[in-house]
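Order-wise, the sequence lines are chains Y and C. This note's numbering runs 4 ahead of the 1-based position in the first sequence. This note's numbering runs 23 ahead of the 1-based position in the second sequence. Just so you know, even glycine gets a beta-carbon here, dropped at the ideal spot from N, CA and C. Inspection log for the structure reproduced underneath, given as structure tokens.
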Amino acid sequence: MESTAPPPDAAGPPPGATRSTVTLHVNGVPHRLTLDHRTTALDALRNHLGLTGTKKGCDHGQCGACTVLVDGRRANSCLLLAVTLDGSALTTVEGLADAEGLHPLQTAFVERDAFQCGYCTPGQLCSAAGVLQEAADGHPCHVTPDTAQPGAPVELTAEEIRERMSGNLCRCGAYPRIVEAIGDATAHPAAPPVPHAVHGLGAVSVHERREAAS
Amino acid sequence: MKPFAYLRPATVEEAVRARATHPGSAFLGGGTNLVDLMKLGVSGPELLIDVGRLPLDRIEELPDGGLRIGATVRNSDLAAAPAVRERYPVLSQALLAGASGQLRNAATTGGNLLQRTRCLYFQDVSVPCNKRRPGSGCPAVEGVHRDLAVLGHSAHCVATQPSDMAVALAALDAAVEVTGPDGDRTVPVTAFHRLPGEHPERDTVLEPGELITAVRLPPPRPLAHGHYRKARDRASYAFALVSVAALLEVRDGVVHHAALAYGGLAPRPWRAAAAEEALRGAPATADAFGRAADAELSAARPLRDNGFKVELARRLTVSVLARLAARHR
Numbered sequence: 005m006e007s008t009a010p011p012p013d014a015a016g017p018p019p020g021a022t023r024s025t026v027t028l029h030v031n032g033v034p035h036r037l038t039l040d041h042r043t044t045a046l047d048a049l050r051n052h053l054g055l056t057g058t059k060k061g062c063d064h065g066q067c068g069a070c071t072v073l074v075d076g077r078r079a080n081s082c083l084l085l086a087v088t089l090d091g092s093a094l095t096t097v098e099g100l101a102d103a104e105g106l107h108p109l110q111t112a113f114v115e116r117d118a119f120q121c122g123y124c125t126p127g128q129l130c131s132a133a134g135v136l137q138e139a140a141d142g143h144p145c146h147v148t149p150d151t152a153q154p155g156a157p158v159e160l161t162a163e164e165i166r167e168r169m170s171g172n173l174c175r176c177g178a179y180p181r182i183v184e185a186i187g188d189a190t191a192h193p194a195a196p197p198v199p200h201a202v203h204g205l206g207a208v209s210v211h212e213r214r215e216a217a218s
Numbered sequence: 024m025k026p027f028a029y030l031r032p033a034t035v036e037e038a039v040r041a042r043a044t045h046p047g048s049a050f051l052g053g054g055t056n057l058v059d060l061m062k063l064g065v066s067g068p069e070l071l072i073d074v075g076r077l078p079l080d081r082i083e084e085l086p087d088g089g090l091r092i093g094a095t096v097r098n099s100d101l102a103a104a105p106a107v108r109e110r111y112p113v114l115s116q117a118l119l120a121g122a123s124g125q126l127r128n129a130a131t132t133g134g135n136l137l138q139r140t141r142c143l144y145f146q147d148v149s150v151p152c153n154k155r156r157p158g159s160g161c162p163a164v165e166g167v168h169r170d171l172a173v174l175g176h177s178a179h180c181v182a183t184q185p186s187d188m189a190v191a192l193a194a195l196d197a198a199v200e201v202t203g204p205d206g207d208r209t210v211p212v213t214a215f216h217r218l219p220g221e222h223p224e225r226d227t228v229l230e231p232g233e234l235i236t237a238v239r240l241p242p243p244r245p246l247a248h249g250h251y252r253k254a255r256d257r258a259s260y261a262f263a264l265v266s267v268a269a270l271l272e273v274r275d276g277v278v279h280h281a282a283l284a285y286g287g288l289a290p291r292p293w294r295a296a297a298a299e300e301a302l303r304g305a306p307a308t309a310d311a312f313g314r315a316a317d318a319e320l321s322a323a324r325p326l327r328d329n330g331f332k333v334e335l336a337r338r339l340t341v342s343v344l345a346r347l348a349a350r351h352r
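Written as structure tokens, this is what we have:
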């Protein structure tokens, strides 16, 4: 978490309130939402913003179907309360493609036929996008050799991909093709990032909100 | 889920003050366990105090050569930190053996230590559980307990502490820095989680209102090697049946220093003092490693269906120590 995160809005909710107004930047578009504090990021996306690409599987952080990128990092949106994400940038499966066309991961999933029913696919794609970034940033995983140079980019072998994607279940069992598709995407020259990080946007949103309030 | 108020304090002081003035409140870190428990009805705070963005996200070098890990450092960032990978590989390995990439990106250092047991009965509000509802009983003793405790449990609770990170921290002699209404204090990780006794509802020695601010690692022993090994039902993304965090320093074929902690066996990360005593000065051989494991595990009191954990722990111990000893040759 950024230590430079802005302080909570001075004009925040009154003590005891069970709803708050937050700004979520979803796929590059800011949305101001007044939400019950119980609303997860997953439910905010699906029920309040109509972005139903992100799927609800187990709703307990065990299946990965709800995976989105939050400030460039993958997370289970079913376990994130939307109120905690005020000012954050979210990328969902709807935001992976750009004007140039599909994200290389999406192309690879199509070419490899890396799904059957498709329900887990949005989560697989967003998780894989996070994996590409984590490997490029030198983040190790459970199967990365101890001898790997800390901080150096990690080569995504099939074993690395399987371990890093273990938080995404596929009940159709499309795993072999999913691993191949992600492997293809790593070889793509324009591979990794999705609209990266966006760390400054929090400050922008608070600025906007203060202007709106004044 | 019950409705709740929400507060995101800017400072530790503000967070502690808010917690002290609202008895029905709870601190929220990454939320990977607490939000789930709120969905399940196991936890129902009236006010969530979000400490996930407090400025406690740094890993600092200490003058003595140790590290101070801020409470809001994410598990994935801690596992990837070069200082941790180079000097405390057992900690990086333990973190990476836990949960999934998504969860590690959200989970905090402080929250990881405070995660609750995954005992089925604790997470199901339709059945009794002494940890969730004191005095209601423990169906796990006669029920589904294959993954529960063989050491340190009581007639009232047989739950295990699920953190991998905490097992490595126990072996490393880490300490937890906490602050609260009565000031600051430091608690060794090995004394941080309580044994259940007659009060399984209290997981840790934290007093109401106390907040974890950091975890402190002593300087690494330059000649010791460390390793974390976890046995589980799946190759990835499963809690430990048994795990072992070990540090070993061998000189001239003899064990000079050993630190050993188990996960999956007990209500807390189980520092194996008897095994360490048996190892000190012993030859660095598989036989000696097995005898050391026996010295610790002879105290085990398995339940009907989890006796396999004792033999599994013994084999993991021998395997991990042999691997570390080989690096001294």
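{"query": "For a cutoff of 7 Å on Cβ pairs, would you count T22(Y) as touching chain C?", "result": "yes"}
{"query": "Using the beta-carbon count (16 or more within 10 Å), is D226(C) buried or exposed?", "result": "buried"}
{"query": "Look at the alpha carbon of A139(Y) and the alpha carbon of H279(C), and state the distance between them as a whole number of angstroms.", "result": "38 Å"}
{"query": "What residues in the segment 161 to 181 of chain Y bring their beta carbon closer than 7 Å to a beta carbon of chain C?", "result": "E167, R168, S170 and G171"}
{"query": "Ordered along the chain, which non-local residues of its own chain (more than five positions away) have a Cβ less than 8 Å from that of V333(C)?", "result": "V173, L320, A323 and P325"}
{"query": "Could you check the C-alpha separation between C67(Y) and K253(C) for me, to the nearest Å?", "result": "21 Å"}
{"query": "Going along chain Y in order, which residues have a C-beta closer than 9 Å to the C-beta of L126(C)?", "result": "G65, A79, N80, L83 and G171"}
{"query": "For a contact meaning CB atoms closer than 8 Å, what does S115(C) contact in chain Y?", "result": "P144"}
{"query": "Nearest by alpha-carbon distance to R181(Y): which of A132(Y), A118(Y) and L85(Y) is it?", "result": "A118(Y)"}
{"query": "Given 8 Å as the limit, is there contact between the segment 93 to 109 of chain Y and the segment 51 to 65 of chain Y, that is, 3 or more CB pairs closer than that?", "result": "yes"}
{"query": "Against chain C, which members of the segment 145 to 160 of chain Y pass a CB distance test of less than 7 Å?", "result": "C145, H146, D150, P154 and G155"}
{"query": "Count the other CB atoms, across all protein chains shown, that sit within 10 Å of the CB of L106(Y); report buried if there are 16 or more and exposed otherwise.", "result": "exposed"}
{"query": "Please determine, among R31(C), V39(C) and R127(C), the residue with the shortest C-alpha to C-alpha distance to P204(C).", "result": "V39(C)"}
{"query": "Compare the Cα-Cα distances from Y29(C) to each of A43(C), E36(C) and F50(C) and report the closest residue.", "result": "F50(C)"}
{"query": "Around the Cβ of T38(Y), are there at least 16 other Cβ atoms within 10 angstroms (buried) or fewer (exposed)?", "result": "exposed"}
{"query": "Hey, L192(C) and L114(C) are a contact pair by Cβ (cut 8 Å); roughly how many whole angstroms apart?", "result": "7 Å"}
{"query": "Taking M24(C) as the query, report the chain Y residues whose CB atoms sit under 7 Å from its CB, ordered along the chain.", "result": "R42"}
{"query": "Which one or two residues does DSSP pair with S177(C) in a beta bridge?", "result": "C180(C)"}
{"query": "Start and end of the beta strand (DSSP E) containing N80(Y)?", "result": "R77 to N80"}
{"query": "Under 7 Å between the Cβ atoms of A307(C) and A348(C)?", "result": "yes"}
{"query": "Residue range of the alpha helix (DSSP H) that V228(C) falls in?", "result": "No alpha helix (DSSP H) contains V228(C), which DSSP labels as neither H nor E."}
{"query": "Please report how far the alpha carbon of H179(C) lies from the alpha carbon of H222(C), in whole angstroms.", "result": "8 Å"}
{"query": "Evaluate the contact criterion for the segment 38 to 48 of chain Y versus the segment 69 to 84 of chain Y: three or more CB pairs, one atom per stretch, below 8 Å.", "result": "yes"}
{"query": "Within 10 angstroms of its Cβ, does G20(Y) collect 16 or more other Cβ (buried), or is it exposed?", "result": "exposed"}
{"query": "Leaving out the 5 sequence neighbours to the left and right, which residues in its chain are closer than 6 Å to R291(C) when beta-carbon positions are compared?", "result": "Q184 and H216"}
{"query": "Does P25(Y) have its Cβ less than 7 Å from a Cβ in chain C?", "result": "Looking at the sequence itself, residue 25(Y) is Thr, so the reference to Pro does not match. It does not: the Cβ of T25(Y) has no partner Cβ on chain C nearer than 7 Å."}
{"query": "Starting from D141(Y), follow its DSSP beta bridges and name the residues at the other end.", "result": "Per DSSP, none; premise fails for D141(Y)."}
{"query": "Determine the chain C residues that contact S92(Y) at a beta-carbon separation under 8 Å, and present them in chain order.", "result": "Those within 8 Å of S92(Y) in chain C number zero; the least Cβ separation is about 10 Å."}
{"query": "Can you pull the chain C neighbours of T38(Y), defined as C-beta to C-beta under 8 Å?", "result": "Per Cβ cutoff of 8 Å: no residues; T38(Y) is ~13 Å from chain C at best."}
{"query": "So within the segment 40 to 124 of chain C, which uninterrupted beta strand (DSSP E) runs reach at least 3 residues, ignoring any that extend past its ends?", "result": "48 to 51, 70 to 73, 82 to 84 and 90 to 93"}
{"query": "Applying a beta-carbon distance threshold of less than 8 Å, which residues of chain Y neighbour E109(C)?", "result": "P154"}
{"query": "Who are the neighbours of V58(C) on chain Y, taking C-beta pairs under 7 Å?", "result": "L83 and L85"}
{"query": "Tell me, please, whether the CB atom of T111(Y) is closer than 7 Å to any CB atom in chain C?", "result": "no"}
{"query": "Could you tell me whether the Cβ of T55(C) comes closer than 7 Å to any Cβ of chain Y?", "result": "yes"}
{"query": "Between V158(Y) and T148(Y), which are expected to be in contact by the criterion C-beta below 8 Å, what is the C-beta distance as a whole number of angstroms?", "result": "6 Å"}
{"query": "So D196(C) and P241(C) are supposed to be a Cβ contact under 8 Å. How far apart are they, rounded?", "result": "5 Å"}
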